[in-house]
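Each remark here refers to the structure printed beneath this line.
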Amino acid sequence: MSSETSPRLPNALRMGLLVTGLMGLLMGALAWFQVERERTTDLDELDRRAYVLVHQMAYSIQAILKLPDKEAAAALGSTLEGYRPLIGLAVYRPDGRLIAEGPDLVEFSSELKQTVLQAIKEPKDVIKVLKTPTTQIHIVTSVIRTAEGQPEGVLAVVHDLTDVVERARNRRQQFALWGGVIILLLLTVVVAGAWLLYDRPLNRMAAWMRQLRTGETDESLPVDPPVARLATESDRLAATLRAKQAATQKQVQQAKSAHPIWSRNRWRAHLSDCLRGSHLLLVSHREPYLHELQDGQPRLVTPAGGLVAALDPIMRASNGVWIAHGAGNADRRTVDARDRLMVPPDDPSYILRRVWLTREEEHGYYHGFANEGLWPLCHRVYERPVFRPHNWEYYARINRRFAEAVLQEAGSDPAVVLVHDYQLALVPRLIKEVRPDLRVGLFWYIPWPDAETFCICPWRNELLSGMLGADLIGFHLQQYCNHFMETVDRLTDARLDWDHFSIDTQGHHSQVRPFPIGVENKMDQSIPTGVILAQRLADLRDRHSLENLRVAVGVDRIDYIKGLPERFNAVARFLERYPQHRGRFTLVQLGVPSRMHIRRYRDHLNELESLADTINWRFQTASWQPIRFLVGQHDPVTVYAFMRMAEMSIVSSLHDGMNLVAKEFVAARSDLDGVLVLSEFTGAARELEDALIVNPYDTEQFAETIHLALDMPADERRERMIRMRRRLEENNAYRWAADFLTELTARPVTDEES
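Take 157 as the starting number for the sequence shown in my numbering and just add one per residue.
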């Protein structure tokens, strides 16, 4: 697999190339100067020889010039013939007429005549070096004058420069040969010296620091660094780190004994035990933090979605690297030269590595194949999936780009890679093709359809091959694991072990397991409480005219799987059947625009706004609306405040892998109040049995369930909430991550893979 960027050269080699490059430039300049100086000396020698000939022949030629042309030519005879390197001589009248010339000068007649005419006009002799199609020639033209200074004729002496050119070429070749030998020797000496003095001790020092960080060594620095002070500072740093690790370990052990619930500290200790010196790399399409321009300045935005909500607290406690698509229009302004930045800004805890896509690539890979193809394929909402060949090409290309980013971040070190969701199904196999020693896990957040449905996809085999590159494949529910195993059994010749839910294909072993995802305890987050929370609730009630109203809240992306039309219609039917709640009950629907580049999503938003307007027009009064449809990006504090304000939260998804909004609502209710109305077609319904389970397609039942939630006694609300919160505390986000990582790292890499 090619890399996006060229691999970095070792420092010793870079230093050697720099030194020898500079030395090569200096030697080349000196060689060029020497060759040119010797060439000039050779030309000066030809000048001297030419002038000697001119002076020797001037007296005899002056007498011959007094004769007519034919007699003068006869008198000159063979005296104009040359011998190497002299090509010959030529004699001309003052008006430029040729009297006689050596036989070898015929091919240079035109060049000679121009030089002669120039010499007649000049007060001095003319010396020229001319390049002809066959050779280079050296011409000296001297005007023969009378005692009074009047020109009587012109004598031209022509030499061949072949020997001069050959000598210059031979000198350059000799300089190049010896220069190359010297450069090679110098490069060897510099590289070897730099490696012995700097690279080797620094690399050994880096390995020692990694072992120190992961707790694999307690020894002092085993090498002498190139700078003496570095050894002293390293020892001090090691002592400080050991002290902090000991203190942290003590706190973790205390937390384990005092609180069996999984917490950030417990997760951090468990992570260290599982990784054993390996890096943790997480890769997903969606990034946890993006930057958008506002008033010309980058502004931090937290994207909506369950994936980010679940994974961000886990990464904060891991100090790993999160690789994701840089989707913000100001994302490039906030990264370093390696496309990295520390996040979150207020408490830098891990590295975000951004991967760049063009508009066309994002449209084809993400909006096209992933969300117009795989998304409706996997959700049972009867939306026809669309698969286009060019979108598949983009999908394969971008998956390869993400895999290359993972390999760059891993380098040559051991690493554990967690690949997330359906946008990156090919990444596990692409990673394993290059680094079979890496442990790779894939978690699939959305439902997995039955085998017959999955066969609709034209590239079903390629997708399965990519996924089966993972050592562990996780889904939310056992039902999805069953569907996946059946799909692999039907479409591939892999060997399946149904007793252990494992798959062997091409010498690679993959395990398939259910891992119901959880959420972080709200007490571990920076959320408003007490007076600050009360003031925030009062502000929201006043801003949205919610005073003295009983509020239900929904928090969803604008997506056709979320069942928002069914929810709105259920509210309308509820108000029809129970008119006493008109003017007293409002549904606050927080809608987060998503995938608006896809026409189906834009149409869905328009349909929702039209439906909400129709219902509001039917029931509203001058001061009250039954539905407050708030479309936009809502910050976590606002979402939390609405969840605390509401008497109930309504989740009406038509099909959802888990739906963390339901769990977020329960986690937010530290007051032990509130009712959760939850669709039976969500993964969360399998865990939150004390929610009021509803079929969103059954409008009558849905409306009746809303009424039941409003009339539920306080004691029952409290008991149900306590049981749901206890379930969430036991199966929170840290527990989910710990279970997945434990399963992934428990099995050694097989010989066939390595």
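Ideal Cβ positions, reconstructed from N, Cα and C, are used throughout, including at glycine.
- In terms of CA proximity to residue 236, 209 leads the group 653, 222, 209 and 822.
- Relative to the Cα of residue 611, the nearest Cα in the group 533, 833 and 552 belongs to 533.
- The continuous alpha helix (DSSP H) containing residue 188 extends over residues 167-220.
- The three-state secondary structure of residue 676, taken from DSSP, is coil.
- Looking at the DSSP output, residue 747 shares a beta bridge with 712 and 787.
- The three-state reading of DSSP puts residue 277 in helix, counting H, G and I together.
- Excluding the 5 residues flanking it on each side, residue 544 has same chain C-beta neighbours closer than 7 Å at 524, in chain order.
- In the structure shown, residue 645 falls within a helical segment according to DSSP collapsed to helix, strand and coil.
- The beta carbon of residue 697 sits closer than 6 Å to the beta carbons of 703 from its chain, once the five residues preceding and following it are set aside; these are given in chain order.
- Excluding five sequence positions before and after residue 418, the CB atoms of its chain that fall closer than 7 Å to its own CB belong to 888, 890, 891 and 894, given in chain order.
- Residue 788 sits away from residue 745, with the two beta carbons spaced by 8 Å or more.
- Counting along the chain, residue 760 sits inside no beta strand (DSSP E); it lies in the alpha helix (DSSP H) bounded by residues 755-775.
- A distance of 8 Å or more separates the beta carbons of residue 714 and residue 812.
- Exclusion of the five residues before and after residue 457 leaves 446 and 448 as the residues of its chain whose Cβ lies within less than 6 Å of its Cβ.
- Residue pairing by DSSP puts residue 248 in a beta bridge opposite 254 and 310.
- The shortest CA-to-CA distance from residue 597 to any of 580, 607, 695 and 500 is the one to 580.
- For residue 675, the CB contacts under 6 Å within the same chain, skipping 5 residues up- and downstream, are 816, 819, 820, 823 and 889 in chain order.
- Annotation: the continuous beta strand (DSSP E) that includes residue 455 extends over 453-457.
- DSSP places residue 506 in the uninterrupted beta strand (DSSP E) bounded by 506-511.
- Its Cα nearest to that of residue 249, the residue 222 stands out among 259, 539, 241 and 222.
- Scanning its chain for C-beta atoms nearer than 6 Å, with the 5 sequence neighbours on each side dropped, one finds around residue 862 the residues 730, in chain order.
- A residue is called buried once 16 or more other Cβ atoms fall within 10 Å of its Cβ, and residue 216, having fewer, is exposed.
- The three-state reading of DSSP puts residue 450 in strand, counting E and B together.
- As computed with DSSP, residue 292 is found in a beta bridge with 287.
- Taking 3 residues as the minimum length, the beta strand (DSSP E) runs contained wholly in the region 582-624 are 595-599, in order along the chain.
- In the DSSP assignment, residue 498 falls within the beta strand (DSSP E) that extends over 496-499.
- When C-beta atoms of the region 195-211 are compared with those of the region 265-274, fewer than three pairs fall below 8 Å, so the two segments do not count as touching.
- Among the bridge pairs identified by DSSP, residue 670 is matched with 631.
- By the C-beta criterion, the region 253-268 is judged to be in contact with the region 307-324, since at least 3 inter-stretch pairs fall below 8 Å.
- The closest CA to that of residue 616, considering only 529, 686, 568 and 589, is found on 529.
- Under the 8 Å Cβ criterion, the region 460-480 counts as touching the region 499-507, having at least three qualifying pairs.
- Restricting attention to alpha helix (DSSP H) runs no shorter than 4 residues, the region 792-816 encloses them at 792-801, ordered along the chain.
- In this structure, DSSP gives residue 263 a helical state, which the three-state scheme calls helix.
- Judged by beta-carbon spacing, residue 669 lies within the 8 Å limit of residue 657, meaning their Cβ atoms are closer than that value.
- Here residue 551 is not near residue 578, since their CB atoms are 8 Å or more apart.
- Where residue 428 is concerned, there is no enclosing beta strand (DSSP E), although the alpha helix (DSSP H) around it starts and stops at 420-431.
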